[in-house]
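Colleague: Dropping the structure in here first, questions after.
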Amino acid sequence: MTVAHGAIQLLWEAPLAAAHSAGHSAAHSTEKPADDGDAQRVARLAGALADTRVDHRFKGLPPNADGLTVGELAAERRSLFSGGFTTPVLALSAEALEHNLALMETYAERHELAFAPHGKTTMAPELFARQLERGAWGITAAVPHQVRVYRAFGVQRIFLANEVVDAAALAWLAAELDADPDFRCVLYVDSVRGVELMDAALREAAARRPVEVVIELGAGEVARTGVRTEAEGAAVAAAVAAAPTLRLVGVAGYEAQVPQADGERVRAWLRRLVALAADLDKAGHFAELGERDEIVVSAGGSEWFDAVADVFAEIPTLSRPVFKLLRSGAYISHDDGHYEERTPFNRVPEEGALHPAFRLWAQVISRPTAEQAFVNAGKRDVAYDLHLPAPRLVRSARTGEVRPATGITVSGLSDQHAWLRIEEGAEEAAGAELEVGDWVALGLSHPCTTFEKWPLIPLVEADGTVTDYIRTFF
């Protein structure tokens, strides 16, 4: 492949450790990251995905690879551009992925935060294994189905950041906990009624182990779930104390839901969360925890983890050591849009910078006018809930040269087309026209709604060599 100046970089770029009070340890080893055994188990089970057969289920993969296993195709180390891949095809940068994993591991260690990255972002067991290898304590989930996927691939520590009142899901969870004494799963509660439903379902299931819960504090009157007042939180704590099937272990919430969020408002809400933990502790709601157990205080999406680090550093001494748990998920691939604009590293650049890892390669299939072109990727292929895709690169079908997509924008999306607008004079400045057959790399906004559209994603090195494939389970 002929590569223009700087194209190795251009192929991808446009122009945990412990968190607890010192001197304490935990009965569940909660304060430690997942040990090598946890990471190795998940990696081993995820590794079996290499035996999956390549076929029509996986868009973008080479048609002439049908019948090979994923592992066999990876071993061929094909070029994304000349190895038979069809467009559109989503690629994940191996270098950016590794950089982002290492950066957040370092960040969590530096700020003494435990880390349970949100697995809903990727739903990719191979990436869960990489996160656990990089010091994650466990993986966060949002719904019971995600927990089932995690368990199928051996994840032992799960933080289910949502309320669960589904009797069938709770019965399954009770059986899973009873069958595996090393499995730990923490759930949200935010209402007395929710506690009643959970207790009834777990009693019906004859649960032998109490389910650990944290009280969710809502981020405001117009925010999402969570108790709205400290008095409501105390009432829920009392209800949990009266339910033998449940065990209160802390508090949690999601700071990005703070109305008109800014640094001051987010930090004020985080201090309310910390104060709620202190008030519940003072009232004796954590008295039944063992001497080696911890009080969980958890927050932190991908927009305000700097504020979480600041406020959690101020947590006062409580009756038990405090387990400070961060749950960011989108960092692993980052993006070209929403998180590019909102990442906390923009506010603390001295701590590093995340790199966008996704490029969606689509082909120009029509150039009806000088101002308009169409590529063969649309709403079925790209995230569009927060921002439209952003053209980053053009790869010439004639020469294979790669150049920046300067002056080209996406003006709209159809189901299977992206509408490209070419600025007047842009091609003259670039010294090349955008032609039918050229490949265009689109930067994407919002990792969660990008991963979900692709069941098997090529992992690609900077020179275009595909070294592996990431399986997702949505």
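Numbering (the numbering used here), first residue to last: 1437 to 1910.
Backbone N, C-alpha and C define an ideal beta-carbon position, used for all residues, glycine too.
1. Go ahead and pull the three-state DSSP assignment for Lys1718.
2. On the DSSP bridge list, what partners appear for Gln1808?
3. Taking all protein chains shown into account, decide if Pro1580 is buried (16 or more other Cβ within 10 angstroms of its Cβ) or exposed.
4. Classify Arg1629 as buried or exposed, calling it buried when 16 or more other Cβ atoms lie within 10 Å of its own Cβ.
5. Using the Cα positions of Val1685 and Gly1848, report the straight-line distance between them to the nearest angstrom.
6. According to DSSP, what are the bridge partners of Thr1505?
7. So Asp1614 is in the beta strand (DSSP E); what residue range does that whole segment cover?
8. With DSSP as the reference, please indicate the residues paired to Ile1731 in a beta bridge.
9. Would you kindly check if the distance between the Cβ of Ala1854 and the Cβ of Ala1813 is under 8 Å?
10. Measure how close the beta-carbons of Gly1765 and Thr1505 come, nearest whole angstrom, since I'm counting them as under 8 Å.
11. Might you give, ordered along the chain, the residues of its own chain that have their beta carbon closer than 6 Å to the beta carbon of Ala1798, omitting 5 neighbours on each side?
12. When the Cα atoms are used, what is the spatial distance from Ile1801 to His1882?
13. May I ask you to report which of helix, strand or coil DSSP gives Gln1693?
14. How about Glu1508: is its C-beta nearer than 8 Å to some C-beta of chain B?
15. Taking the alpha carbon of Ser1832 as the reference point, which residue from Phe1794, Thr1842, Asp1851, Val1872 has its own alpha carbon closest?
16. Pick out whichever of Ile1844, Cys1884, His1823 has its Cα sitting closest to the Cα of Val1830.
17. Taking C-alpha atoms, which residue in Ala1826, Ala1714, Ala1588 lies nearest to Phe1748?
18. Buried or exposed: Lys1760, going by 16 or more other Cβ atoms within 10 Å of its Cβ?
19. Looking only at its own chain, which residues have a Cβ that is under 7 Å from the Cβ of Ser1465, when we skip the five neighbours before and after it?
20. Starting from the C-beta of Leu1563, find all residues in its chain whose C-beta is less than 7 Å away, skip the five residues before and the five after it, and write them out in chain order.
21. Does the beta-carbon of Lys1556 have 16 or more other beta-carbons within 10 angstroms, so that it is buried, or is it exposed?
22. Can Val1663 and Gly1654 be called in contact, C-beta distance under 8 Å?
23. Classify Pro1780: buried if its beta carbon has 16 or more other beta carbons within 10 angstroms, exposed otherwise.
24. Can you grab the Cα-Cα spacing for the pair Asp1491 / Glu1864, in whole Å?
25. Quick one: what does DSSP say Val1902 is sitting in, helix, strand or coil?
26. Looking at the structure shown, is Phe1595 part of a helix, part of a strand, or coil, going by DSSP?
27. Quick one: what's got a C-beta closer than 7 Å to Phe1741's C-beta in the same chain, skipping five residues either side?
28. For Ile1893, write down the residues that DSSP places opposite it in a beta bridge.
29. Between which two residues does the alpha helix (DSSP H) carrying Gln1799 extend?
30. Beta-carbon separation of Leu1623 and Val1600 under 8 Å?
31. My output table needs one value for His1441: the three-state DSSP class, helix, strand or coil.
32. Applying the 10 Å Cβ sphere with the 16-neighbour rule, what's the burial state of Thr1903?
33. Report all residues from its chain with a CB closer than 6 Å to the CB of Ile1751; omit the five preceding and five following residues, and keep chain order.
34. Given a cut-off of 8 Å, decide if Gly1590 and Val1732 are closer than it, judged by their beta-carbon atoms.
35. If you follow the beta strand (DSSP E) that Gly1848 is in, where does it begin and where does it stop?
36. Could you pull out every unbroken alpha helix (DSSP H) segment of at least 4 residues lying fully inside the segment 1616-1640, listed in chain order?
Modeller: Walking through what the data contain:
1. Translated into the one-based positions of the sequence shown, residue 1718 becomes position 282. Lys1718 falls in the helix class under three-state DSSP.
2. The count along the sequence shown starts at 1 and reaches residue 1808 at position 372. In the DSSP output, where bridge partners are listed per residue, Gln1808 has Arg1857.
3. For the purposes of this step, residue 1580 is taken as the residue at position 144 of the sequence shown. The residue in question, Pro1580, is buried, as its Cβ has 16 or more Cβ neighbours within 10 Å.
4. Sequence index remark: in the sequence shown, residue 1629 carries index 193 (1-based). By the 10 Å Cβ count, Arg1629 comes out exposed.
5. Here residue 1685 is taken as the residue at index 249 of the sequence shown, counted from 1. Here residue 1848 is taken as the residue at index 412 of the sequence shown, counted from 1. Computed Cα separation, rounded: 48 Å.
6. By one-based count along the sequence shown, residue 1505 stands at place 69. Paired residue(s): Arg1489.
7. Here residue 1614 is taken as the residue at index 178 of the sequence shown, counted from 1. That residue, Asp1614, is in no beta strand (DSSP E); its alpha helix (DSSP H) goes 1603-1615.
8. To locate residue 1731, count along the sequence shown from 1; it is residue 295. In DSSP, Ile1731 forms a bridge with Val1758.
9. If you number the sequence shown from 1, residue 1813 lands on position 377. If you number the sequence shown from 1, residue 1854 lands on position 418. Between Ala1813 and Ala1854, the gap from beta carbon to beta carbon is short of 8 Å.
10. As a position in the sequence shown, residue 1765 is number 329, starting the count at 1. As a position in the sequence shown, residue 1505 is number 69, starting the count at 1. Not confirmed; about 29 Å, so no contact.
11. Position 362 of the sequence shown, counted from the first residue, corresponds to residue 1798. Thr1523, Pro1524, Val1811, Asn1812, Ala1813, Val1876.
12. What you label residue 1801 is simply residue 365 of the sequence shown in a count that begins at 1. What you label residue 1882 is simply residue 446 of the sequence shown in a count that begins at 1. So the alpha carbons of these two residues sit roughly 26 Å apart.
13. As a first step, residue 1693 is located in the sequence shown; it is residue number 257 there, counting from the start. DSSP places Gln1693 in helix when its eight states are reduced to three.
14. Reference to chain B is not applicable here, since this structure consists of a single protein chain.
15. The residue labelled residue 1832 in the question sits at position 396 within the sequence shown. Among Phe1794, Thr1842, Asp1851, Val1872, the Cα nearest to that of Ser1832 belongs to Val1872.
16. Walking along the sequence shown from the start, residue 1830 turns up at place 394. Ranking the options by Cα distance to Val1830, first place goes to Ile1844.
17. What you label residue 1748 is simply residue 312 of the sequence shown in a count that begins at 1. Checking every option, the nearest Cα to that of Phe1748 belongs to Ala1714.
18. The count along the sequence shown starts at 1 and reaches residue 1760 at position 324. So Lys1760 counts as buried.
19. One-based indexing of the sequence shown puts residue 1465 at position 29. Since pLDDT at Ser1465 reaches only 41, below the 50 mark, its modelled position is unreliable, and the value read off the structure follows with that caveat. Within the same chain, Ser1465 has no close Cβ partners at all.
20. Walking along the sequence shown from the start, residue 1563 turns up at place 127. Answer for Leu1563: Ile1768, Ile1906, listed in chain order.
21. On the sequence shown, position 120 is the one that residue 1556 refers to. Lys1556 should be labelled buried.
22. Taking the first residue of the sequence shown as 1, we reach residue 1663 at position 227. Taking the first residue of the sequence shown as 1, we reach residue 1654 at position 218. In this structure, Gly1654 lies closer than 8 Å to Val1663 by Cβ.
23. Within the sequence shown, residue 1780 is the residue found at index 344, counting from 1. Buried is the call here.
24. Along the sequence shown, read from residue 1 onward, the residue named residue 1491 stands at position 55. Along the sequence shown, read from residue 1 onward, the residue named residue 1864 stands at position 428. C-alpha separation (whole angstroms): 42 Å.
25. Residue mapping note: residue 1902 aligns to position 466 of the sequence shown, counting from 1. Looking at Val1902 - three-state DSSP - the assignment turns out to be strand.
26. Here residue 1595 refers to the residue found at position 159 of the sequence shown. DSSP places Phe1595 in strand when its eight states are reduced to three.
27. Walking along the sequence shown from the start, residue 1741 turns up at place 305. Hits under 7 Å: Leu1762, Ser1764, Pro1780.
28. What you label residue 1893 is simply residue 457 of the sequence shown in a count that begins at 1. The partner list for Ile1893 (beta bridge, DSSP) reads Ile1906.
29. In the sequence shown, residue 1799 corresponds to position 363, counting from 1. Unbroken run through Gln1799 is the beta strand (DSSP E), 1794-1802; no alpha helix (DSSP H).
30. Residue mapping note: residue 1623 aligns to position 187 of the sequence shown, counting from 1. Residue mapping note: residue 1600 aligns to position 164 of the sequence shown, counting from 1. For Leu1623 and Val1600, yes; Cβs fall inside 8 Å.
31. Here residue 1441 refers to the residue found at position 5 when the sequence shown is read from its first residue. Any reading at His1441 needs caution, since the residue's pLDDT is 35, under 50, leaving its predicted position unreliable; the model's value is listed next. DSSP places His1441 in coil when its eight states are reduced to three.
32. Here the question's residue 1903 lines up with position 467 in the sequence shown. Thr1903 should be labelled exposed.
33. The residue you call residue 1751 lines up with position 315 of the sequence shown. Val1710, Val1758, listed in sequence order.
34. To locate residue 1732, count along the sequence shown from 1; it is residue 296. To locate residue 1590, count along the sequence shown from 1; it is residue 154. The answer is no: Cβ separation not under 8 Å.
35. For the purposes of this step, residue 1848 is taken as residue 412 along the sequence shown, with counting starting at 1. Per DSSP, Gly1848 belongs to the beta strand (DSSP E) from 1844-1849.
36. Look at the segment 1616-1640 and you find these whole runs of alpha helix (DSSP H), each 4 residues long or longer: 1628-1640.
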